[in-house]
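Remarks on the structure that follows.
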Amino acid sequence: MSSLPKTQRSVRINAYGGVDVIKVVTDALVPSPADNEVLVKNTYAGLNFIDTYSRTGLYPAPSFPHTLGREAEGTIAAVGKSVQNFKVGDRVAYLGIGAQQEYTALDPFYVAHVPPAIPEGVAAAGILQGLTALAFARESYEIKNAIGAHVIATASNDQKLAIAQEHGAEFLINYSTQDWVAEVKKITKDAGGGVAAVFDGVGKDTFDGDLEVVRRKGTVVSLGNASGAVPPFAIARLSPKNLKLLRPQLFAYIAERREFEAYTREIFDWIIEGRVKVNIHKAYPLEEVAQAQTVTAHPPHGGAWLTHGATTLGS
Ligand SMILES: NC(=O)c1ccc[n+]([C@@H]2O[C@H](COP(=O)([O-])OP(=O)(O)OC[C@H]3O[C@@H](n4cnc5c(N)ncnc54)[C@H](OP(=O)(O)O)[C@@H]3O)[C@@H](O)[C@H]2O)c1
144 MSSLPKTQRS
154 VRINAYGGVD
164 VIKVVTDALV
174 PSPADNEVLV
184 KNTYAGLNFI
194 DTYSRTGLYP
204 APSFPHTLGR
214 EAEGTIAAVG
224 KSVQNFKVGD
234 RVAYLGIGAQ
244 QEYTALDPFY
254 VAHVPPAIPE
264 GVAAAGILQG
274 LTALAFARES
284 YEIKNAIGAH
294 VIATASNDQK
304 LAIAQEHGAE
314 FLINYSTQDW
324 VAEVKKITKD
334 AGGGVAAVFD
344 GVGKDTFDGD
354 LEVVRRKGTV
364 VSLGNASGAV
374 PPFAIARLSP
384 KNLKLLRPQL
394 FAYIAERREF
404 EAYTREIFDW
414 IIEGRVKVNI
424 HKAYPLEEVA
434 QAQTVTAHPP
444 HGGAWLTHGA
454 TTLGS
């Protein structure tokens, strides 16, 4: 611990609100890991839509001040006495609270070793989104083999749709210029009258449409709240088509360490093999997280967003 700095830069909120509540402090203490914790020197942290939920209070912070950020990659800088599987210098990525700072102490339950073949930044950009996509596809809808699936992608602009197409979407709907519900019905007219499953991260604004475009006996996976939380609704609305509805969260699929390890290994393997491409749109310095959150809420491009945690470390 002697070579570690005493203080660090940390992206914090002290209250819920707009992006102006985000402050970058330079005198946050570098924590000492507890006996069962590791200390990670973060090189990159992911910027995710969930950061905006933390900032607005939709997902309440455990306490204030609260450090933003839910995923990062870096190297192990110190280990607690009872930690067995990690040592100083190991390259890791993790899911955890307080990732948008230079050093984060955490229980290593959701910390994974990163294979050398994965380029810098990619694990931080890919671990939360990758695990979510893989676990939800496998367990919310039980896609055993994606080969043969026909994917319809919706987005607000053509740039994002081009990315979706590059990643395998067969049909593209720009919902700024097209009626997405009508378009999905048109596309699926001769194939069961609706989609077999909807994966929806938008929430409030699209939930009613989800129930319309899904076919009889289909599945709606409502996985996020980008436009706000879906309000309470009468479950009898599922009856006319005998629909299944899930509102899953990633952590309930990786509650056991073996589940986290299996999904993480698979995602990293797929990245190395090129089966999963992680688009990194831009890396921001920690000081620009507030600005990055403005863009994340209405991004002109698709792809992951990162904040660079260590560029001015120690200076
Ligand atoms: N349940 C879980 O455990 C879990 C885990 C991880 C992520 N998620 C969810 O997965 C979704 C995607 O996460 P992400 O971090 O990758 O976010 P993201 O896709 O980069 O951002 C969310 C997108 O939602 C769209 N959107 C539609 N209506 C919007 C509105 N009114 N305001 C803002 N955005 C709107 C925007 O795309 P367009 O410009 O194309 O409209 C925006 O880019 C989010 O809903 C997130 O909460 C859930």
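Per our numbering, the very first residue in the sequence shown carries number 144; after that it's consecutive. Glycine included, C-beta positions come from ideal geometry on N, C-alpha and C. Just so you know, these numbers come straight off a predicted model, no measurement behind them.
Query raised in the report: Between N422 and ligand 1, is the CB less than 7 Å from at least one heavy atom?
Result: Answer for N422: no, Cβ out of range of ligand 1.
Query raised in the report: What residues match up with D343 in a beta bridge as DSSP calls it?
Result: In the DSSP output, where bridge partners are listed per residue, D343 has S365.
**Report entry** 3 or more residues per run - each beta strand (DSSP E) lying fully within the stretch 382-407
**Finding:** Runs of the beta strand (DSSP E) lying entirely within the stretch 382-407 and spanning at least 3 residues, in chain order: 387-389.
Query raised in the report: So, using beta-carbon positions, are P208 and V226 closer together than 8 Å?
Result: The criterion of a C-beta distance shorter than 8 Å is not satisfied by P208 and V226.
Requested in this report: From the DSSP output, in three-state form, read off T320 for me.
Outcome: T320: coil per DSSP, three-state reduction.
Query raised in the report: How about the stretch 174-192 and the stretch 254-267: do they share at least three Cβ pairs that are nearer than 8 Å?
Result: Inter-segment contact for the stretch 174-192 and the stretch 254-267 is present: three or more beta-carbon pairs are separated by less than 8 Å.
Query raised in the report: Is any heavy atom of ligand 1 found at a distance shorter than 7 Å from the C-beta of S283?
Result: Flag unset: Cβ of S283 not near ligand 1.
Requested in this report: Using the Cα positions of G417 and D333, report the straight-line distance between them to the nearest angstrom.
Outcome: About 33 Å.
Requested in this report: My understanding is that A221 touches L182, with C-beta atoms under 8 Å, so please give their C-beta distance in whole angstroms.
Outcome: Right, the Cβ-Cβ distance comes to about 4 Å (below 8 Å), so this counts as a contact.
Requested in this report: Excluding the 5 residues preceding and the 5 following T455 in the sequence, name in chain order all residues of the same chain whose CB lies nearer than 6 Å to its CB.
Outcome: Its pLDDT being 26, under 50, T455 is placed unreliably by the model, and nothing is read from it.
Query raised in the report: Just to check, is the beta-carbon of V432 closer than 7 Å to a non-hydrogen atom of ligand 1?
Result: It does not: the Cβ of V432 is nowhere closer than 7 Å to a heavy atom of ligand 1.
Report task. Excluding the 5 residues preceding and the 5 following K230 in the sequence, name in chain order all residues of the same chain whose CB lies nearer than 8 Å to its CB. Result -> The residues are I219, V222.
Requested in this report: Verify whether the separation of the beta carbon atoms of V324 and G352 is less than 8 Å.
Outcome: Inclusion of V324 and G352 in the CB contact set at 8 Å is warranted, their separation being smaller than that value.
Query raised in the report: Is the stretch 381-395 in contact with the stretch 350-364, if contact means three or more CB pairs nearer than 8 Å?
Result: Touching, yes, given that three or more Cβ pairs across the two stretches are closer than 8 Å.
Requested in this report: Confirm, please, whether the CB-CB distance from K149 to V173 is below 8 Å.
Outcome: In terms of Cβ geometry, V173 and K149 form a close pair [threshold 8 Å].
Requested in this report: Would you kindly report the start and end of the unbroken alpha helix (DSSP H) that includes L354?
Outcome: Counting along the chain, the unbroken alpha helix (DSSP H) around L354 starts and ends at 350-356.
Query - Three-state secondary structure (DSSP) of A296 - result: In this structure, A296 counts as strand in the three-state DSSP scheme.
Query - Distance, G200 Cα to V162 Cα - result: Rounded to the nearest angstrom, the two C-alpha atoms are 12 Å apart.
Query - Heavy atom of ligand 1 within 7 Å of V345 beta-carbon - result: Inclusion of V345 in the 7 Å shell around ligand 1 follows from its C-beta lying nearer than that to a non-hydrogen atom of the ligand.
Query raised in the report: Are the beta-carbon atoms of V154 and T210 separated by less than 8 Å?
Result: Taking 8 Å as the Cβ cut-off, V154 and T210 qualify as a contacting pair.
Query - Classification of A236 by the beta-carbon crowding that lies within 10 angstroms, buried from 16 upward - result: With 16 or more Cβ atoms within 10 Å of its Cβ, A236 is classed as buried.
**Report entry** Among E431, T437, A405, L429, nearest to L274 - alpha-carbon criterion
**Finding:** Of the listed residues, the one whose Cα sits closest to L274 is A405.
Query raised in the report: Using the rule of at least 16 other Cβ atoms within 10 Å of the residue's Cβ for burial, across every protein chain shown, is E313 buried or exposed?
Result: Exposed.
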